[in-house]
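The structure appears below as structure tokens.
Numbering (the UniProt record's numbering), first residue to last: 1 to 206.
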């Protein structure tokens with residue numbers, strides 16, 4: 001199974017991040033927290049073949065997550081039915097330049113060439129804990145019970161307004177406290193039962 005469709009990600013699906021931003025969401029321009037999943041897309045050019053190259057003088061945020069490969073067209077499913085529509089899962093690292101706020105889509109920040117690192121696909125499963133290593137040291141560790149919407153609920157809520165097609169990939173959510181990475185480091189994301197997602201972070205040659 002391969003990714004031959006669209007790639008969707010979701011922001012603000014981390015419970016701890018939502019708590020931290022609760023006051024900001026009561027102020028302008030938001031005035032309320034999001035009620036539906038906040039979905040973004042990553043084009044195929046973001047799939048990394050390593051290394052990941054950053055603009056000179058910039059760091060980036062490395063968000064570890066689990067990617068779900070949709071096995072059949074999915075629309076209007078319940079949370080209980082949703083995971084039956086998933087054909088495979090893998091670890092992923094969603095690279096992005098830091099954004100100032102969530103009011104405008106972070107297109108330039110998230111969609112640079114090679115800004116999505118994928119591990120190997122395996123049978124559908126969800127890790128309990130995802131660990132990010134930078135140069136061999138643990139830089140971040142987050143349990144997926146922090147997700148506001150479980151992957152099943154996320155698929156159900158998205159499929160209520162958008163058909164997920166066979167071959168599409170859905171990234172289940174990002175930790176709001178994901179680590180910054182600099183050029184010159186080795187990045188590795190691990191979870192029990194999954195092949196790691198690995199990348200070398202470099203800087204574009206000037």
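Backbone N, C-alpha and C define an ideal beta-carbon position, used for all residues, glycine too.
Computed from a predicted model, the values in this text were never measured in an experiment.
Residue 17 and residue 183 have their alpha carbons spaced roughly 26 Å apart.
Annotated three-state conformation of residue 17 is helix, per DSSP. Annotation for residue 116: the continuous beta strand (DSSP E) segment containing it runs 116-118. Taking a C-beta distance under 8 Å as the contact criterion, residue 191 and residue 140 do not qualify as a contact pair. Contact annotation, residue 45 with residue 201: C-beta distance approximately 18 Å; criterion of less than 8 Å not satisfied. Across the set 67, 86 and 66, the C-alpha of 86 shows the shortest separation from the C-alpha of residue 74.
The three-state reading of DSSP puts residue 153 in helix, counting H, G and I together. Between residue 130 and residue 91, the beta carbon gap of about 7 Å places them in contact (Cβ cut-off 8 Å). Between residue 171 and residue 9 the beta-carbon gap is near 4 Å, inside 8 Å, which marks them as a contact. Look at residue 77 here: in three-state DSSP terms it is coil, with no helix or strand label. Of 70, 163 and 97, the smallest CA-CA separation from residue 112 is found for 97. Counting along the chain, residue 108 sits inside the alpha helix (DSSP H) bounded by residues 107-110.
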